[in-house]
Every structure is written in C-alpha cells, then in structure tokens.
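Residue numbers (my numbering): 650 to 942.
Glycine is no exception: its CB is placed at the ideal position from the N, C-alpha and C atoms.
Since this is a predicted model, take the numbers as computed values, not measurements.
Accompanying notes for the structure given below.
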Amino acid sequence: MSLAVLRSRALAGMSAPPVTVEVHLANGLPAFTIVGLPEAEVKEAKDRVRAALQNARFEFPSRRITVNLAPADLPKESGRFDLAIALGILAASEQIPADRLDEHEYAGELSLSGQLLPIRGALAMTCAMHQERQQDSRQRSFILPAANADEAALVPQAQILPATSLLDVCTHFSTRDPAARLQQHPSRTASSAPAYPDFSDIKGQMQARRAMEVAAAGNHSILLVGPPGAGKSMLATRFPGILPPMTQEQALESAAVQSLSGSFDLARWRQRPYRAPHHTASAVALVGGGCKF
C-alpha cells in the first residue's frame, strides 16, 4: 500500500473544519513535499516527523513522499498535523496496519524524540467533531496529546484517546492486546459552582447597581462610563455573580475561545470570562483580549 488517508482538523476562527491528510509514497529521488496551503510551521513538519520516526526506531522511507492536506483552499497552521503525517507515512510504507486508521481523528505536535506535545484549540476541535457526529451516524474517537485530554473531555460523550508518544499510538494499531491500546479518557464534570466576588459588597452606587440588575434580568448589554476611581471595575467584577449560570453550550463556547488562544484554565470551567484592560490600552490590545484581571 503506497497511499494512506487520515483525518484531522484545522482552525479557522471559532470553527474547526475537517482536514483530510493524504500520504503517498512513489518511486523516484527521495523527497518530502507537503501541499494544501501549508504555512511555515506546517512545512517544518518534514524535519520533525523525520527525526521522530528515526528516534522511535522506525524506517524513514527513501522514496518520494507527498502529503496533501485537503481541502487545498483552507490555510493550515501550527504543528497539529505532525501525528497524522507520521502515521500516514508508517501506514503507506506498511510499518503499521492501516485497516483501523479511519476510526479516529488525529491531532498532535511531535518532538524530535517522538513525544506528543500539547496543541492549541483541542477543545474547539473536539466540539466541532462532536457536532458533526450528531449529524453523521459514524462515531470517531479523537487521538491527541495527553496534556490536552482534560479540556477535550469536557465535551459530553466525546471519545478521547490520550497518548504521550508516537510509539503509544503505533502500539494502539499494532497490538492485539486490548490492555496495551489507548484507553478512553473519562469525561470531565464541574466539581463545584464558580465563585465570583459578591455583589452585596458594593456600598452605595445605587443607580449603577439598579442598572446592572435590570441588565442582568433582561439579558441586556451595559456600558460603564466615568472617571478613574468611580468604581467601574469593582462593579464589573461583581456583575457575573448576578447572572444566571452558564449553560453547557455557553461554557463550551467560552472555553473553546480560551483554548484557541492557548489560555484555557480548567479551574475556570463554567466561569464567565472577565477582562480588565488598562484605560490606556490601544485598540489592538483590546482586540487581543486585554489584560487578565
């Protein structure tokens, strides 16, 4: 078999569109080409994958290797495709079985030693995979680095198979012993309700308090304007405490945004986000998220 096809995902804003990773081995002078609108970090996967395969004691094929990341018009970034590319090369060269590759989706950056490094946007990719699974009867599990397993397992009924290295994933496909295969990561649930600063701590500010209560009750937006020291930040930090609890969908959407930026913290699960940018922050800083309070 000289062709292997695997499934992964890209990141495009808040969405995680599916990406098909096709690896083809052909005769000719040894070469390694990645096509499909890859950015610089994706092109650098050639060196990471080669070193990871050799350090894991696999044979790197001395053939013409072509990796296609479809669809071709979707930009591909980061090192999340390393794992899929490495497995595709091993399957196309018949070093691992290819009959069960279509049962999973893959994401993970490889170190030169073959270890799987954490990636950005794991929760967003898991949410997209779960939404597509509701429309498609076929269920696929998600193989990704162990460091991302906790956040990905926040998605209900998601089948997460964490791995620490390329060898662990290859063993999953090669062994007949169920105990040696990757084990499903348990689903995560919120241990307790999030704690916010108490709204009752505010003394005075009757008009502002009333406006916030009306906004919270009616699900309205509110804008606080005033000179420094008037109490705007104090009011804003306590505003989430009088809002209704986040639904599962809202919590996942909020956490997915944090996962995309690499700032997701499991301790803040189901906690409404709050940012306190300095009054001198530029428009670029505000778009970038401002400063954490």
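Ends of the beta strand (DSSP E) at residue i?
i    : result
L652 : L652 to R658
I871 : Per DSSP, I871 belongs to no beta strand (DSSP E) and is neither H nor E.
T669 : P667 to A675
A885 : Here A885 belongs to no beta strand (DSSP E); instead the alpha helix (DSSP H) covers K881 to R887.
R699 : R699 -> not in any beta strand (DSSP E); alpha helix (DSSP H) instead, spanning A694 to N704.
V684 : A680 to V684
V716 : R713 to A719
A812 : I809 to A812
Among the residues of its own chain, which have a CB less than 7 Å from the CB of residue i, if the five just before and after it don't count?
i    : result
A801 : A771, L772, T775, F791, L793, A807 and I809
P724 : L686 and E688
F730 : S657, V670, V691, A694 and L718
S882 : A925
A829 : T820
P667 : R656 and R658
S814 : G763, Q764 and L765
Ordered along the chain, which non-local residues of its own chain (more than five positions away) have a Cβ less than 8 Å from that of residue i?
i    : result
Q854 : G880 and L884
L678 : R713
A661 : L723 and P724
R697 : G728, D731, E758, L759, S760 and L761
S782 : According to the sequence provided, residue 782 is Arg. The question's Ser does not apply to it. Cβ neighbours of R782 beyond the five flanking positions: Q788 and R789.
V863 : H869
S903 : M895, R921 and P922
For residue i and residue j, I'd like the C-alpha separation in whole angstroms.
i    : j    : result
P889 : R921 : 6 Å
Q780 : S657 : 15 Å
P805 : S910 : 22 Å
P894 : M861 : 16 Å
A747 : T820 : 13 Å
Q856 : P843 : 27 Å
A900 : R919 : 5 Å
F913 : D751 : 29 Å
P827 : A719 : 33 Å
V874 : A916 : 31 Å
P811 : L766 : 11 Å
F707 : Q744 : 8 Å
V716 : A756 : 16 Å
Y923 : L761 : 38 Å
Q764 : L652 : 25 Å
L727 : P846 : The question names Leu, but residue 727 is Ser in the sequence shown. Roughly 38 Å between the two C-alpha positions.
R699 : L674 : 14 Å
D850 : H869 : 23 Å
N797 : R769 : 9 Å
A701 : A733 : 13 Å
Between which two residues does the alpha helix (DSSP H) carrying residue i extend?
i    : result
I738 : D731 to A741
L909 : Q897 to S910
V818 : L815 to S823
Using the rule of at least 16 other Cβ atoms within 10 Å of the residue's Cβ for burial, across every protein chain shown, is residue i buried or exposed?
i    : result
V933 : exposed
M735 : The question names Met, but residue 735 in the sequence shown is Ala. Flag for A735 reads buried.
S711 : exposed
E898 : exposed
V684 : exposed
D817 : buried
I628 : Outside the displayed span of the chain (650 to 942) sits residue 628, for which this structure offers no information.
A905 : buried
M663 : exposed
N676 : exposed
H834 : buried
A866 : exposed
Less than 9 Å between CB atoms is the rule here; does residue i satisfy it with respect to chain D?
i    : result
P835 : The chain inventory of the structure shown lacks chain D, comprising one protein chain alone.
By Cβ distance, which residues of its chain are closer than 6 Å to residue i, with the 5 residues on each side in sequence left out?
i    : result
F681 : K695 and I714
F848 : R887, G890 and I891
Q907 : F913
N704 : S762 and G763
V672 : A653, V716, G737, I738 and A741
Uninterrupted beta strand (DSSP E) stretches inside the stretch 747-800 (no shorter than 3 residues): Listed in chain order, they are 753-755 and 790-794.
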